[in-house]
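Have a look at the structure below, then the notes.
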Amino acid sequence: MAQQYPEWIWQNGEIKPWKDATAHVMSHALHYGSSIFEGIRSYVTPEGAAIFRLTDHLKRLYLSAKIYDMVLPYSQDELAAACREVVRKNGFSAAYLRPVAYRGLGGFGLSAETPIDVAVATWPMGPYLGPEALEVGITACVSSWQRFAPNTIPAGAKAGGNYLSGQLVAREARRLGFGEGIALASSGLLSEGAGENLFLVFDGVLHTTPASASILAGITRDTIKVLAREDGIEVVERDIPREYLYLADEVLMCGTAAEITPIREIDGKQVGSGKAGRVTRRLQELYFGLFNGKTQDKWGWLEPV
1 MAQQYPEWIW
11 QNGEIKPWKD
21 ATAHVMSHAL
31 HYGSSIFEGI
41 RSYVTPEGAA
51 IFRLTDHLKR
61 LYLSAKIYDM
71 VLPYSQDELA
81 AACREVVRKN
91 GFSAAYLRPV
101 AYRGLGGFGL
111 SAETPIDVAV
121 ATWPMGPYLG
131 PEALEVGITA
141 CVSSWQRFAP
151 NTIPAGAKAG
161 GNYLSGQLVA
171 REARRLGFGE
181 GIALASSGLL
191 SEGAGENLFL
201 VFDGVLHTTP
211 ASASILAGIT
221 RDTIKVLARE
231 DGIEVVERDI
241 PREYLYLADE
251 VLMCGTAAEI
261 TPIREIDGKQ
271 VGSGKAGRVT
281 RRLQELYFGL
291 FNGKTQDKWG
301 WLEPV
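Here the sequence shown stands for residues 1 to 305, numbered as in our numbering.
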């Protein structure tokens, strides 16, 4: 089935037809991966469409730009307005948003100075890992591909080039018949999923890998930590050996696209009872409760479209 694209996109300061948002084939980003981006969702809430943690996502975009010496030609407020405008223009309420900034056409060397182009796209998106994933969970495998070592590529930047690693992890998992892949850090300890953070549950306590494990410290990850602690669930960040994946009572993946997805089996070994556990279910209730009004948004995370 052919991909159905939205009608409108924001690029370099203006709304234009999707088909007209183009880049030159010799753009720096196409050859060297010099792009940064964010993945954001808007949800239908009792008060209308709202973009979840828009300010926090755009703040991270600018921090990623700082790491790569990219000076964005628009302010954070201007990009926030662009996100709202493109959602409204396409007539969306629930949608996925993709702000992206990249080095465009200029010089051809690695350190060449080029213009910084910026775009914001949006499109409808259901559960990223499949329509039943949130309910029944997915299968996963530990990938043969490891995450990059510290002081090689900055894992803390949400940069396009970083996702070459995630592509290898995800495509290997799909080829082997699993729903998603899990990567180890260069230390051999647990890192994260192909494009998601991980939580393990032991005796009702949430455990997650630290920033030093070559992870992107996700905004959904932070949301879960805040919601869990508010609900009296203890959260621990620590190094986690691979075999603990097989010993955990529950394992879940999280991210803007994946939301909160339980893992029912890893490397052919059943996780816990083989379905979403009590803590995972509670976190899903709290997280999705932000959008249906059952969880009070004490933090101002829901930003109206």
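Built from N, CA and C at the ideal position, the CB exists for glycine as well.
Ordered along the chain, which non-local residues of its own chain (more than five positions away) have a Cβ less than 8 Å from that of I36? The count along the sequence shown starts at 1 and reaches residue 36 at position 36. The answer, listed in chain order, is L61, S64, A65, Y68, M70, V100, A101, Y102, A157, K158, A159 and G160.
Who does N197 pair with in a DSSP beta bridge? Counted from its first residue, the sequence shown places residue 197 at position 197. Note: N197 sits in a beta bridge opposite C254.
Out of E135, A140, C141 and N162, which one is the CA nearest neighbour of R147? For the purposes of this step, residue 147 is taken as residue 147 along the sequence shown, with counting starting at 1. Ranking the options by Cα distance to R147, first place goes to N162.
Counting Cβ pairs closer than 8 Å, one from the region 241-259 and one from the region 181-201, do we hit at least three? Cβ pair count under 8 Å is three or more, so yes.
Closer than 7 Å by C-beta to W10: which residues in its own chain qualify, once you throw out the five before and the five after it? Chain order, please. Indexing the sequence shown from 1 puts residue 10 at position 10. Take W10, set aside five residues on each side of it, and the residues of its chain with a beta-carbon closer than 7 Å to its own are A82, E85, V86, A119 and V120, in chain order.
With 16 other CB atoms within 10 Å as the buried threshold, where does V236 fall? As a working mapping, residue 236 is identified with position 236 in the sequence shown. Exposed.
From S186 to G268, what does the alpha carbon distance come to, in whole angstroms? For this step, residue 186 is matched to residue 186 along the sequence shown. For this step, residue 268 is matched to residue 268 along the sequence shown. Roughly 23 Å between the two C-alpha positions.
Return yes when the C-beta of V226 is under 6 Å from any heavy atom of the ligand PLP, and no when it is not. The ligand PLP is not among the ligands present in this structure, which contains no ligands whatsoever.
Would you mind listing the beta strand (DSSP E) stretches within the region 142-193 that are 3+ residues and don't spill past its ends, in chain order? Taken in chain order, the complete beta strand (DSSP E) segments of 3 or more residues contained in the region 142-193 are 180-184 and 190-193.
If we count Cβ pairs, one from each stretch, closer than 8 Å, do we get three or more for the region 36-56 versus the region 89-96? Flag = yes, the region 36-56 and the region 89-96 touch.
Give the straight-line distance between the Cα atoms of A213 and V169, rounded to the nearest whole angstrom. Taking the sequence shown and counting its residues from 1, one reaches residue 213 at position 213. Taking the sequence shown and counting its residues from 1, one reaches residue 169 at position 169. Taking the straight line from one Cα to the other gives about 16 Å.
Helix, strand or coil, according to DSSP, for A108 in the structure here? Residue 108 sits at position 108 when you count from the first residue of the sequence shown. Contrary to the premise, residue 108 reads as Phe rather than Ala in this sequence. When secondary structure is reduced to three states using DSSP, F108 falls in the coil class, being assigned neither helix nor strand.
Nearest to D117 by alpha carbon, out of G13, L302 and G272? The residue given as residue 117 occupies position 117 in the sequence shown. Comparing alpha carbon positions, the residue from G13, L302 and G272 closest to D117 is G13.
Check for me: the alpha helix (DSSP H) holding H31 runs from which residue to which? Stepping through the sequence shown from its first residue, residue 31 is reached at position 31. Note, H31: alpha helix (DSSP H), H28 to Y32.
Unbroken beta strand (DSSP E) run spanning T114, endpoints: Stepping through the sequence shown from its first residue, residue 114 is reached at position 114. Looking at the DSSP string, T114 is not in any beta strand (DSSP E), and its letter there is neither H nor E.
Considering just the uninterrupted stretch of the beta strand (DSSP E) at L206, what are its terminal residues? Taking the first residue of the sequence shown as 1, we reach residue 206 at position 206. Where L206 is concerned, the enclosing beta strand (DSSP E) stretches over V205 to T208.
Would you tell me roughly how many angstroms separate the C-alpha atoms of R229 and R281, rounded to the nearest one? Here residue 229 corresponds to residue number 229 of the sequence shown, with the count starting at 1. Here residue 281 corresponds to residue number 281 of the sequence shown, with the count starting at 1. Their backbone Cα atoms lie some 15 Å apart in a straight line.
Measuring straight from C-alpha to C-alpha, what distance separates T114 and Y5? Walking along the sequence shown from the start, residue 114 turns up at place 114. Walking along the sequence shown from the start, residue 5 turns up at place 5. Taking the straight line from one Cα to the other gives about 29 Å.
As a quick exercise: from K298, V226 and A140, pick the residue whose alpha carbon is nearest that of L245. If you number the sequence shown from 1, residue 245 lands on position 245. Checking every option, the nearest Cα to that of L245 belongs to A140.
Note down, one range per segment and in chain order, each beta strand (DSSP E) of at least 3 residues found wholly within the region 70-99. DSSP runs (the beta strand (DSSP E)) wholly in the region 70-99: none.
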